[in-house]
Amino acid sequence: MSLKPEKQYGDYQTPTYFSKKIAQFIKNDLGYVPDTVIEPTCGTGSFIRATNETYDNVRIIGNEINETYVSQAKSIEPRKKNEIEIQNYDYFRLKKAIEVNKTDQLLIIGNPPWVTNSSISAESGDNLPKKSNFKNLSGYDALTGSSNFDISESMIVDLVHKYYMLNPLISMICKTTVAINVFKYMHETNIGMDYFKIERIDALEVFNVSVDACVIYVKLHGDKNTNAIEWLDEENKGRKSGFIGTSFYMNLSESANQIEGETEIEWRQGIKHDAGKIMELKKVDNLTYINGLKEKLTLESERVFPLVKSSHLKEHIITDFKKYVIVTQDMLKQDTNYIEQTSPLLWNYLNDKIDHFAKRKSSIYENSPKFSMFGIGDYTWLPYKVGVSGFYKKPTFSLLINEKPVMLDDTSYFLGFQEYDIAYTIMLVLNSHEVQSFLKQIANLKSKRPYTKKVLSRISIEKSFKKIPYNEMKQIEKRLGLENYLTENHYEVAKQKFTQQQLFLDL
Ligand SMILES: C[S@@+](CC[C@H](N)C(=O)[O-])C[C@H]1O[C@@H](n2cnc3c(N)ncnc32)[C@H](O)[C@@H]1O
C-alpha cells in the first residue's frame, strides 16, 4: 500500500505570514544577516519567499522532493541582487552537502516533514533516511533510545553534522520533543553552540494540527558549549532547560540554583550488616522478639533498636516502628566480646547463628571483629534523625522519634541532631518546595537510587533558610498535615545554627 503524499512526506506548508515572522525575528532580534540560506525541504517556497523579502544580496538554495512544489518555488522572483536556486532531490539521497562558501554566514531554515519513520515504514512509504547514514551518527541511537524517530529529527541532526564546521544559524519548525532531542544530542556530542532558543507555537492556529510544536533558533559555534535551552514564548519566557551534570532538567529554576551548595553537616548512610534474617527482628514485648527465620527469641533489649527501612520512610514524623535491629557495636571495628558480659542471651544467640555471619560476602567484613556492622559512628547515637530513602522518585524526609536512637538501613540517608526542635525545623526545610524541586532537578530520576549521599550533599541548608521565611515554614507544616508546633523562636534558633560561624561552635 502506498501512502498519500501528505502522510508520507509530512507535508504541512508554512503560511507565508509565519515564515516571514521567523525571518524577521532572525534579522531584527537575533541580528543575523546571512550570505547564504539553505532550505532543505522547501515545499512551495514559504521560507524562500520570506528570506528573499527579508534580506538583500543573499544566495538562497532550496531543495524539495515534490516536483510540483519545485516548479512553484522556482517561480519566486529574486529581489535586490538575491540569487535563488531550487533543486529537486530526495534529501536523504543527496550524496553530499549542498556546497556553500566556507567563509559564508549560513542560515539553514525551514520546516522539515512532520512524520515518524515507523508511521512511514508501517505503511510502506520510502521517505526514510538511508540507514547507513543515520546510524553513522555516533551516539544517536543511544540518545533517542528507540527505533522510532521523527524524520525531522534525523534531518536536523544530519544538517548539524553536515554544516557545523561553518557555524550556521539553524532555525526550524518542529515538534518540541524533537527540539529537545536535538539539544540533548548536541550537548552529548559536544557540538558547540552560542545559544539554543525555543519558541513554542500554536500549531492548531498556524497549521491546523494539534501538535506540541515550536521554532528552534540554534547558533552553532566551534567548541563553545551552552548548557541550557532558553524559552522565548510568553508562557515559558525566562525559563531555562538543560543539563546539571549528566541529567537533563526541563526547568532549571533560579531558586533551585540558589540553594545549591554543600550541606553544612554530613549526610550519613544507614547501617549495613548483610544478615537481615538474624539481625532484624519483630518485637513481641520488651524481651521477646521474632527473627527473619520466624524463630521466637528472648533477648536483652539493650542492643536492640528501632529500625526504619527505605520503604517505611513515607510519613513526615515516624514514632511507630515495625522492625528492630540488633546493633553489635558503638563504633566501627569495636571488639564485640563485651556483649558476653552485658547481654549474655544476645551473645548466645549471635554465636548460635555464626554461620550466617560467616557467609557474608562483602570483603568489608574480612579482618573485622565477629558480628561487625558498618555505617556506625558517633552520628548513629544522635537522638533525633531526619531520614530519606534513596529509592523513591519523590523524596520524603521523615523525622524519626523514639526513646532510643532509631536506625536506618543502608538504602537510606539521614542527618542527625541533638535537639528535637532543630531536627523538626530541618525536616520542614527539607520537605519545602524549594528543596524538593532542587532535588528533582539534580537527581537522575531514572536511576534505581536517585538520591545518594552525593546528591543530598548539594543542599545548602543555610541557603535554603534564606529562601524560606518563617511564614512559609508555617505553611509547610500545615501542608504536611502536622500539628501547629513551629514557633518563630524555633525557626530563628535553627537558622542561626546553620550560619557558618555558629556551625563550628555548636554542631
Ligand atoms: C512540513 S512541509 C514544509 C514545507 C516547507 N518547508 C514550508 O515550510 O512550507 C515538509 C516538506 O518536506 C518535503 N519533503 C518530505 N520528504 C522530503 C525528502 N525526503 N526530501 C526533500 N523534501 C522532502 C515535503 O514534500 C514537504 O514539502
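Position 420 of the sequence shown, counting from 1, maps to 420 under our numbering, and the rest follow consecutively.
Glycine is no exception: its CB is placed at the ideal position from the N, C-alpha and C atoms.
Since we're looking at a predicted model, the values are computed, not measured.
May I have the straight-line CA-CA distance separating residue i from residue j, to the nearest angstrom?
i, j, result
"GLY31", "GLY110", "18 angstroms"
"SER457", "PRO450", "13 angstroms"
"GLY270", "THR452", "12 angstroms"
"TRP267", "LEU415", "5 angstroms"
"THR328", "HIS316", "28 angstroms"
"HIS433", "PRO469", "13 angstroms"
"LYS96", "LYS162", "9 angstroms"
"ASN208", "ILE265", "56 angstroms"
"LYS353", "GLY292", "12 angstroms"
"ILE426", "THR380", "18 angstroms"
"ILE476", "ASN431", "8 angstroms"
"ASN66", "GLU188", "35 angstroms"
"ILE422", "LYS440", "25 angstroms"
"ASN489", "ARG479", "20 angstroms"
"LYS454", "TYR55", "52 angstroms"
"PHE498", "GLU462", "5 angstroms"
"GLU483", "GLU302", "32 angstroms"
"ARG79", "TYR12", "26 angstroms"
"PHE243", "MET250", "9 angstroms"
"ILE201", "ILE259", "33 angstroms"
"THR116", "ILE151", "5 angstroms"
"TYR164", "ILE442", "30 angstroms"
"VAL388", "ASP223", "40 angstroms"
"LEU252", "ARG239", "7 angstroms"
"ALA494", "LYS283", "35 angstroms"
"SER132", "TYR91", "Low confidence applies to SER132: its pLDDT is 37, below 50, so where it sits in the model is not reliable enough to give any reading."
"LEU313", "SER362", "26 angstroms"
"ALA358", "GLY481", "46 angstroms"
With DSSP collapsed to three states, give me the class of residue i.
i, result
"GLN418", "coil"
"ALA519", "Here the chain has residues from 1 to 507 only, and residue 519 is not among them."
"ILE326", "strand"
"THR41", "coil"
"TRP114", "coil"
"TRP535", "Residue 535 lies beyond the range of the chain shown here (1 to 507); nothing can be said about it."
"MET279", "helix"
"LYS454", "helix"
"GLN105", "coil"
"GLU260", "strand"
"LEU479", "The sequence as given places Arg at residue 479; Leu does not occur at that position. If DSSP states are grouped into helix, strand and coil, ARG479 belongs with the helices."
"VAL388", "strand"
"MET331", "coil"
"THR189", "coil"
"PHE196", "strand"
"PHE371", "coil"
"THR16", "helix"
"HIS490", "helix"
"VAL429", "helix"
"LYS353", "coil"
"VAL58", "coil"
"SER412", "strand"
"LYS393", "coil"
Out of the options, state which residue places its alpha-carbon closest to the alpha-carbon of residue i.
i, options, result
"PHE278", "ASN351, VAL58, PHE149, ASP421", "This sequence places Ile at residue 278; Phe is not what is there. Cα-wise, what sits closest to ILE278 is ASN351."
"LYS102", "ASN167, PHE47, PRO369, ILE84", "ASN167"
"THR176", "LEU169, GLU492, TRP114, LYS224", "TRP114"
"TYR89", "VAL100, SER75, ILE61, LYS80", "ILE61"
"ILE531", "ASP421, ILE422, THR336, THR36", "Any property of residue 531 remains undetermined from this structure, which presents the chain solely from 1 to 507."
"GLU340", "ASP320, LEU313, GLU300", "GLU300"
"ASP410", "GLY10, HIS221, GLY390, LEU400", "GLY390"
"GLU48", "TYR69, ALA73, GLN24", "In the sequence on display, residue 48 carries Ile and not Glu. Looking at the Cα atoms, ALA73 is the closest of the given residues."
"ILE401", "ILE459, ILE151, TYR424", "TYR424"
"PHE149", "ALA179, ILE22, GLN13, MET172", "ALA179"
"GLN24", "GLY375, SER154, THR51, LYS323", "THR51"
"LEU107", "LYS283, SER75, LEU159", "LEU159"
"GLY45", "GLN87, LYS27, LEU281", "GLN87"
"TRP231", "ASN225, PHE196, GLY261", "PHE196"
"TYR338", "PRO369, PHE183, GLU403", "PRO369"
"PHE248", "ASP285, PHE183, GLN418, TYR384", "PHE183"
"ASP233", "GLU262, ALA203, ILE198, ASN227", "ILE198"
"CYS174", "LYS272, ALA275, SER210", "SER210"
Thinking residue i and residue j are a contact (beta carbons under 8 angstroms), I'd like their distance in whole angstroms, please.
i, j, result
"TYR289", "VAL308", "The Cβ separation is near 17 angstroms, so there is no contact."
"GLU280", "VAL325", "5 angstroms"
In the DSSP assignment, what residue or residues form a beta bridge with residue i?
i, result
"TYR470", "None, per the DSSP bridge assignment."
"ASP212", "ASP202"
"THR288", "THR298"
"TYR249", "GLY242"
"GLN87", "ASN63"
"ILE318", "LEU400"
"PHE305", "VAL325"
"MET407", "LEU307"
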